[in-house]
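These notes concern the structure reproduced below.
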Amino acid sequence: MDTATPAVTVALHDGESVVAESTQVDARRHGELLLPAVDRVLKEAGLKLDAVTGIVVGVGPGPYTGLRVGLVTAATFASAVGVPVHGLCTLDGLAYASGIEEPFVVATDARRKEVYWARYENRRTRVTDAAVDRPAEIAEQVAGLPVVGAGARLYPEFFPDARDPEHQSAGALAALAAERLAAGADFLDPLPMYLRRPDAQVPKNYKVVTPK
Amino acid sequence: MAADEPLVLGIETSCDETGVGIVRGTTLLADAVASSVDTHARFGGVVPEIASRAHLEAMVPTIERALKDAGISARDLDGIAVTAGPGLAGALLVGVSAAKAYAYALGKPLYGVNHLASHICVDQLEHGPLPEPTMALLVSGGHSSLLLAPDITADVRPLGATIDDAAGEAFDKIARVLDLGFPGGPVIDRLAREGDPNAIAFPRGLSGSKDPAYDFSFSGLKTAVARWIEARRAAGEEVPVRDVAASFQEAVVDVLTRKAVRACKDEGVDHLMIGGGVAANSRLRALAQERCERAGIRLRVPRPGLCTDNGAMVAALGAEMVARNRPASDLELSADSSLPVTDPHVPGAHHHDHDHDHDHVHEISKENLYS
Ligand SMILES: [Zn+2]
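Going down the list, the protein sequences come from chains P and V. Last residue of the first sequence? That's 212 in our numbering, and every number before it is there in order. Last residue of the second sequence? That's 1371 in our numbering, and every number before it is there in order.
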């Protein structure tokens, strides 16, 4: 599952192929959409959660609030069912899904006129750490490269060669994870990749709950 | 404790405490809390994003600790309860997501419940079943309300509330003016014990005969105290911190207890429950006791650890929902930062509770989760 981008995406993978997948794009309702999507995917496969042998979660980078929905859900499932949870960089899922086998870039929307991005040698090989920057600041570094993800669509003046997919797919993320599991490769800890420090401001009346 | 009483796990993440409690009926089995208050201290208040990040880190370890403390297996639970609101949107969402995942993974019913109703219901763990109706005074950093609850699972009526600052906020702000750090409640309580509560006559907000009988206002008091301190400092005089703390605290608890006792008399209720973080204040407890005794009202205040935000209070209300066959929430349950106190729980869309009328139009706040 991955909730680090506007896509709320869940898939079930049996080690060889995607058995079922649900992907909904709605930046405002990650919390409401995720569990019903898990339920739909499992029902489609005729399985219950305890049939799952591992959970893969996109750790971002992504805007905080939505990102946490997937991570806390994955961690809680893992604790309840007693299976491991594996973290993958969200950008790696998009890269894998692109199928591109030459150098390219993945860029997603980081809001505040910035993108989360990384460079790839090919669909399986990331060559830079994920970062958050303004498109203008990285335009020179990525010049001439195809760009996968929603970031390319948002800033066509800096990323003219936009490629699919635009949105994250848990099916692709799970397929990548299945390959890595079979190869005995490492995973990230299932911890959020925020890339930004919290806005440390105490809002006025931070918890006004006056019933009226 | 009867073995057939509902066994419920409750999750609370509405502010800066990650709380997981487990109760059987009205018996407390576990109360695990992880707090991020120290991280917020240097900002002088709760920073929402810092609280949300801390909830994510603490969530699963706190659930596992509560289960271990209670000595039960998650399989034996009869339900999972969670604070659905009100509170900080991003913080609530961590708990709601965890509760939904836990309930789904275990195949247990989910109960999204109201934070304020939970603050009242927690007293069942200390003093047994709540009398019906219960009069409750809830005072904390986020709320100051007088509530009448004929049925804590279905019927909670607001009689009055603060029109500006919450009582706890006033403590925090005065502590800041006096350079006493955050949170302000415990340190002011401690210093006030050595001060004279009658040293300075600070104003009692909304206490006139024409003022709303059950509403509170602490903003004018806060300004009056700050002005008094600043005048002393401007004159080069030393500020008598203990007397200021005692006199300020007296002004707050005088109004709170006076209005609560009056509400009991007006409504013919012979019990008063006081909850929320400020209910840990020793002078509030003492003055409430004194005035309730004089008025023939029985006072119920949970021990301080149950007054501050915790998971046990959520579990207590969840257990009552199970015991009274209230409909469960569904998997679409969302965090609602402004959940009205008149909604003690959030039943699923397929169930409608016709026991009471909803006299408000309630829009779930659709805050942008992608920010
Ligand atoms: Zn509270």
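In this text, a Cβ means the ideal position worked out from N, Cα and C, and glycines have one as well.
beta-carbon residue i near ligand 1 non-hydrogen atom, thresh 7 Å
i, result
"HIS1055 (chain V)", "no"
"HIS1115 (chain V)", "yes"
"GLY1142 (chain V)", "yes"
"GLN66 (chain P)", "A small fix is needed here, since residue 66 (chain P) is Gly in this sequence, not Gln. No, the beta carbon of GLY66 (chain P) sits no closer than 7 Å to any heavy atom of ligand 1."
"HIS1119 (chain V)", "yes"
"ASP1016 (chain V)", "no"
"PRO1095 (chain V)", "Note that residue 1095 (chain V) corresponds to Gly in the displayed sequence, not to Pro. False, no ligand heavy atom lies under 7 Å from that Cβ."
"ASP1309 (chain V)", "yes"
"GLY1276 (chain V)", "yes"
Reference residue i, options the options, closest by Cα
i, options, result
"GLY1090 (chain V)", "V:ILE1063, V:LYS1068, V:TYR1111, V:HIS1055", "V:HIS1055"
"VAL1252 (chain V)", "V:LEU1317, V:ASP1336, V:LEU1287", "V:LEU1287"
"PRO198 (chain P)", "V:ILE1022, V:SER1052, V:THR1018, V:GLY1010", "V:SER1052"
"TYR120 (chain P)", "P:ALA97, P:ALA177, P:VAL10", "P:ALA97"
"PRO1212 (chain V)", "V:LEU1284, V:ASP1330, V:ALA1167, V:ILE1163", "V:ILE1163"
"ARG1300 (chain V)", "V:GLY1010, V:ASP1123, V:LYS1100, V:SER1035", "V:ASP1123"
"ALA1167 (chain V)", "V:SER1144, V:PRO1150, V:ALA1149, V:PRO1158", "V:SER1144"
"THR125 (chain P)", "P:ALA185, P:MET1, P:HIS30", "P:ALA185"
"THR1418 (chain V)", "V:CYS1264, V:GLU1267, V:GLU1169", "Nothing can be reported for residue 1418 (chain V), as the shown portion of chain V is limited to 1001 through 1371."
"GLY82 (chain P)", "P:LYS113, P:VAL56, P:ASP50, P:VAL106", "P:ASP50"
"VAL1241 (chain V)", "V:GLY1208, V:TYR1104, V:ALA1199, V:MET1321", "V:ALA1199"
"LEU1029 (chain V)", "V:ALA1041, V:HIS1040, V:PRO1006", "V:PRO1006"
"LYS1259 (chain V)", "V:GLY1268, V:VAL1269, V:ALA1234, V:PHE1216", "V:PHE1216"
"ASP1243 (chain V)", "V:ILE1188, V:MET1135, V:SER1035", "V:ILE1188"
"VAL1225 (chain V)", "V:ALA1201, V:ILE1120, V:HIS1119", "V:ALA1201"
"ALA1316 (chain V)", "V:GLU1057, V:ALA1034, V:TYR1111", "V:TYR1111"
"THR53 (chain P)", "P:PHE77, P:VAL8, P:ALA183, P:TRP117", "P:PHE77"
"PRO1048 (chain V)", "V:GLY1087, V:ILE1011, V:ASP1031", "V:GLY1087"
"ILE1297 (chain V)", "V:GLY1318, V:SER1097, V:LEU1272", "V:LEU1272"
"ARG1065 (chain V)", "V:SER1073, V:ILE1174, V:ALA1032", "V:ALA1032"
Residue burial classification, residue i (beta-carbon count within 10 angstroms, cutoff 16)
i, result
"LYS207 (chain P)", "Any reading at LYS207 (chain P) must be qualified, since the residue scores a pLDDT of 41, below 50, and its modelled position is unreliable; no value is offered."
"ASP1355 (chain V)", "In this prediction, ASP1355 (chain V) has a pLDDT of 43, which is less than 50 and means its spatial position is unreliable; nothing more can be read from the coordinates."
"PHE1043 (chain V)", "exposed"
"ASN1281 (chain V)", "buried"
"LEU12 (chain P)", "buried"
"PRO1183 (chain V)", "buried"
"GLY1275 (chain V)", "buried"
"GLY1019 (chain V)", "buried"
"PRO211 (chain P)", "The pLDDT assigned to PRO211 (chain P) is 36, lower than 50, so where the model puts this residue is not dependable, and the model offers no usable value."
"VAL1361 (chain V)", "Legend: pLDDT at VAL1361 (chain V) = 34, less than 50; position of this residue unreliable, value from coordinates given subsequently. Exposed, because fewer than 16 other Cβ atoms sit within 10 Å of the Cβ of VAL1361 (chain V)."
"THR1083 (chain V)", "buried"
"ASP1179 (chain V)", "exposed"
"ARG1294 (chain V)", "exposed"
"GLY149 (chain P)", "buried"
"SER1140 (chain V)", "buried"
"LYS1210 (chain V)", "exposed"
"ARG1448 (chain V)", "Outside the displayed span of chain V (1001 to 1371) sits residue 1448 (chain V), for which this structure offers no information."
"GLU101 (chain P)", "exposed"
"ALA1081 (chain V)", "buried"
"GLN141 (chain P)", "exposed"
"ILE1011 (chain V)", "buried"
Which residues DSSP lists as bridging residue i, in chain order
i, result
"ILE1120 (chain V)", "Answer is none; ILE1120 (chain V) lacks a bridge partner."
"MET1273 (chain V)", "V:ALA1136, V:ARG1300"
"THR1223 (chain V)", "In DSSP, THR1223 (chain V) forms no bridge with anything."
"LEU1110 (chain V)", "V:ILE1080, V:SER1329"
"GLY1085 (chain V)", "V:ASN1114"
"VAL57 (chain P)", "P:GLY87"
"GLU1017 (chain V)", "V:SER1035"
Chain C within 8 Å of residue i, Cβ atoms only
i, result
"ARG1298 (chain V)", "Annotation note: the requested chain C is absent from the structure, which comprises protein chains P and V."
Contact list for the segment 1087-1106 of chain V against chain P, Cβ threshold 7 Å = GLY1087, LEU1088, GLY1090, LEU1093, VAL1094, VAL1096, SER1097, ALA1098, LYS1100, ALA1101, TYR1102, TYR1104, ALA1105, LEU1106
task = Please list the residues of the segment 1188-1200 of chain V that have a C-beta atom closer than 7 Å to any C-beta atom in chain P, keeping them in chain order.
result = none
query = Listed from N- to C-terminal order along the chain, which residues in the segment 1245-1266 of chain V have their beta-carbon within a distance smaller than 9 Å of any beta-carbon of chain P?
reply = none
ask   = Got a sec: which bits of the segment 65-81 of chain P sit with their beta carbon under 7 Å from any beta carbon on chain V, in order along the chain?
value = THR65, GLY66, ARG68, VAL69, LEU71, VAL72, THR73, ALA75, THR76, PHE77, SER79, ALA80, VAL81
inquiry  = For the segment 1060-1083 of chain V, list every residue whose C-beta sits within 8 Å of some C-beta in chain P, in sequence order.
reply    = VAL1060, ILE1063, GLU1064, ALA1074
request  = Identify each residue in the segment 39-67 of chain P for which the Cβ-Cβ distance to at least one residue of chain V is less than 7 Å, and report them in chain order.
outcome  = ASP39, LEU49, PRO63, TYR64, THR65, GLY66
message = So if I threshold CB-CB distances at 8 Å, which residues from the segment 1199-1230 of chain V count as touching chain P?
response = none
key: Within 9 Å of chain P by C-beta, residues of the segment 1330-1344 of chain V in sequence order   = ASP1330, LEU1331, GLU1332, LEU1333, SER1334, ALA1335, SER1337, SER1338, LEU1339, PRO1340, VAL1341, THR1342
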